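S.K.:
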Amino acid sequence: AAIARAREADDHLGAIAAERFEDVRREADAHSGTAFAGIPTLIKDMVDVAGLPTRFGSAAFPNAAPATRHDPFVQQMQDLGMTAIAKTTMPEFGFTPSTEFPDGPPTRNPWNLDRSAGGSSGGSAAMVAAGVVPIAHAADGGGSIRIPAACCGLVGLKPSSGRLVASKNTAHQIVPIVADGVVTRSVRDTAHYFAHAEQHYLNPKLPPMGLVDRPIARPLRIAAVDSIPQMGQVDGVVQAAFDDTIALLEDLGHRVTPIEPPIAPTFADDFLQLYQLFGAATVKVGRQVWGPAFERELLTEFTEGLGAAFGANWHSAPGLVRRLRNTRKELVARTLGYDVVMSPTVAQIPPLLGHLGMDLTYDVLFPRVMDWAHFTPLANAAGTPSISLPLAHDVDTNLPIGIMFNGSYGQERTLLELALQLEAARPWPTLTDA
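Per this note's numbering, the very first residue in the sequence shown carries number -19; after that it's consecutive.
Here is the structure:
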């Protein structure tokens, strides 16, 4: 049934990057008795799935060979009983927050097909929102779990660095900003995934989560941030949703206090330069990393533009890496006395397709990316958990609106308990309700 749903949904969403439908039935039978026995899932096209190529959303891998084995993160999902039926779309190397391509159809938002599904885990989010599967792999290096969750009306938890088993992509990072995770339609499904994953891989440096199945039982001290200087303005619809969520939290007994963004003065520039450094590294050493399968001349203009923007700044890399590695310490100092920091997930409702299109020049697209998606990167640099919840809905466009909650390192449990409370107080619609 999931395969039929996937085929049907992909016709109008454009969310599948590669499929393995023929292998699936045999695998599903092999996992009886496991926690998620036979549950179909989807994997973002940035980690290996045996038998399928990995292309990172890029046309620069036209002849990528099929992977010979599952990535460790995928293998853990399989060990829990899930069956990966396909890989999902992402923009090139996850460099933009909308899953669009310069020379192919975009991934569409199932709530409104003219709008972005977000990114970079846009394909996974679109398919979960459409009811194809209940859970899908996603990964977040600057918002790429939380942004598509906000766009598609899902629960998107970026875990603490090291919480889940590392994929090949997250095992060795100069600043550990990328975390693998999942997107789901309910807090319960996310909580169950993390509880069972922990039974297969437990990081001794982090407090165990266990199964979160009850809402928060104490009032929290919540800091509220609704703007970041020099970044895009929060639109009226999102601001109203944010203010309404504050009122709901206060009704539930929490204390909410507006604060200035808890970031160092250099943070925004440093994170942007790290982003450009990744582009430069892709351009300069892609061939060494991926071998002859990588064809630089097929990269998008945006990725080339990122690399060129970093350009002569290689000398600045050690300093920005050092400062970004200090983000968690800086964040703790600036949020003393608070349990959680809340903000909009993104500054505006999901844009029309094309507004963040990969056919735009770097000079046009880069500022648009920054204006829309500037609240999410802090938790990446700090390595702290952060969850987006679809706590509002714009009637005019039929689009979900995400509100984000950032917790202290290792405190996913607090975020999930708060999420359960908010979900019960304000249940969100899903496309599978109809």
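All C-beta atoms in this analysis are idealised placements derived from N, C-alpha and C, irrespective of residue type, glycine included. Model, not experiment: these values are computed from the prediction.
Under three-state DSSP, which class holds residue 62?
M.R.: Here residue 62 sits in coil by DSSP.
S.K.: Considering just the uninterrupted stretch of the beta strand (DSSP E) at residue 360, what are its terminal residues?
M.R.: Per DSSP, residue 360 belongs to no beta strand (DSSP E); it is in the alpha helix (DSSP H), 357 to 362.
S.K.: Could you pull out every residue in the same chain whose Cβ sits closer than 6 Å to the Cβ of residue 337, ignoring the five residues on either side in sequence?
M.R.: Once the five neighbours on either side are set aside, the close Cβ partners of residue 337 are 80.
S.K.: Across which residues does DSSP place residue 387 in a beta bridge pair?
M.R.: In DSSP, residue 387 forms a bridge with 320.
S.K.: Determine the direct distance from the alpha carbon of residue 412 to that of residue 111, and round the result to whole angstroms.
M.R.: Straight-line Cα distance between these residues: approximately 6 Å.
S.K.: What is the DSSP secondary structure of residue 67, reduced to helix, strand or coil?
M.R.: The answer is strand: DSSP assigns residue 67 an E or B state.
S.K.: Determine the DSSP secondary structure at residue 50, reduced to helix, strand or coil.
M.R.: Coil at residue 50, not helix or strand.
S.K.: How is residue 152 classed by DSSP in three states: helix, strand or coil?
M.R.: Looking at residue 152 - three-state DSSP - the assignment turns out to be coil, as it is neither helix nor strand.
S.K.: Hey, residue 406 and residue 228: beta-carbon distance below 8 Å or not?
M.R.: A contact, by the Cβ cut-off of 8 Å.
S.K.: State the start and end residues of the unbroken beta strand (DSSP E) segment that holds residue -1.
M.R.: Segment -4 to -1, the beta strand (DSSP E) holding residue -1.
S.K.: Please classify residue 81: does DSSP put it in a helix, a strand, or coil?
M.R.: Of the three classes helix, strand and coil, the one that applies to residue 81 here is strand, per DSSP.
S.K.: Is the distance from the Cβ of residue -3 to the Cβ of residue 68 below 8 Å?
M.R.: Cβ atoms of residue -3 and residue 68: closer than 8 Å.
S.K.: With three or more beta-carbon pairs closer than 8 Å as the criterion, would you say the segment 253 to 269 touches the segment 145 to 153?
M.R.: No, the segment 253 to 269 does not touch the segment 145 to 153.
S.K.: Note down the Cα distance separating residue 38 from residue 71, rounded to an integer number of angstroms.
M.R.: Roughly 7 Å between the two C-alpha positions.
S.K.: Which of helix, strand or coil does DSSP assign to residue 185?
M.R.: Residue 185 falls in the coil class under three-state DSSP.
S.K.: Please check the pair residue 320 and residue 400, which I expect to be a contact at CB under 8 Å, by giving their CB distance rounded to whole angstroms.
M.R.: That pair is no contact at about 14 Å.
S.K.: Taking the alpha helix (DSSP H) that residue 13 falls in, what are its first and last residues?
M.R.: From DSSP, residue 13 is part of no alpha helix (DSSP H); its letter is neither H nor E.
S.K.: Rounded C-beta distance between residue 377 and residue 92? I'm assuming under 8 Å.
M.R.: Confirmed, Cβ separation roughly 6 Å.
S.K.: Going straight from the alpha carbon of residue 73 to that of residue 344, what length do you get?
M.R.: Approximately 19 Å between the Cα atoms of the pair.
S.K.: Quick one, which of 252, 387, 219 has its alpha-carbon nearest residue 371's?
M.R.: Nearest C-alpha to residue 371: 219.
S.K.: So is residue 231 buried or exposed if we call it buried at 16+ other beta carbons inside 10 Å?
M.R.: So residue 231 counts as exposed.
S.K.: Out of 279, 272, 358, point me to the one whose CA is closest to residue 263's CA.
M.R.: Selected option, being the one with the closest Cα: 279.
S.K.: Suppose you measure from the CA of residue 90 to the CA of residue 132; what does that come to, to the nearest Å?
M.R.: Answer to the nearest angstrom: the Cα atoms are 7 Å apart.
S.K.: Go to residue 123, then tell me how far its beta strand (DSSP E) extends in each direction, as first and last residue.
M.R.: It is not in any beta strand (DSSP E) - residue 123 carries neither H nor E in the DSSP assignment.
S.K.: Confirm, please, whether the CB-CB distance from residue 65 to residue 1 is below 8 Å.
M.R.: Yes; because the gap between Cβ atoms is below 8 Å, this pair is in contact.
S.K.: For residue 293, which three-state DSSP category applies?
M.R.: Reduced to three states, the DSSP call for residue 293 is helix.
S.K.: Roughly how many whole angstroms lie between the Cα atoms of residue 174 and residue 367?
M.R.: If I take the Cα positions, the gap works out to 13 Å.
S.K.: By the 10 Å Cβ neighbour count, where 16 or more other Cβ atoms means buried, how is residue 5 classified, buried or exposed?
M.R.: Burial call: exposed.
S.K.: Applying the 10 Å Cβ sphere with the 16-neighbour rule, what's the burial state of residue 138?
M.R.: Answer is buried; the Cβ neighbour count reaches 16.
S.K.: Which of the three DSSP states is assigned to residue 194 in this structure?
M.R.: It is coil, neither helix nor strand.
S.K.: Taking the Cβ atom as the reference point for each residue, do residue 35 and residue 28 lie within a distance shorter than 8 Å?
M.R.: Against a cut-off of 8 Å, the Cβ pair of residue 28 and residue 35 comes out as no contact.
S.K.: Hey, how far is the Cα of residue 317 from the Cα of residue 346?
M.R.: Distance between the alpha carbons of residue 317 and residue 346: 35 Å.
S.K.: If you draw a straight line from the alpha carbon of residue 60 to that of residue -18, how long is it in whole angstroms?
M.R.: Rounded to the nearest angstrom, the two C-alpha atoms are 18 Å apart.
S.K.: Taking the alpha-carbon positions, what's the residue 350 to residue 123 distance?
M.R.: Distance between the alpha carbons of residue 350 and residue 123: 12 Å.
S.K.: In three-state terms, what does DSSP make of residue 96?
M.R.: Three-state DSSP puts residue 96 in a strand.
S.K.: Could you give the DSSP three-state label for residue 224: helix, strand or coil?
M.R.: Residue state, collapsed to three classes: helix.
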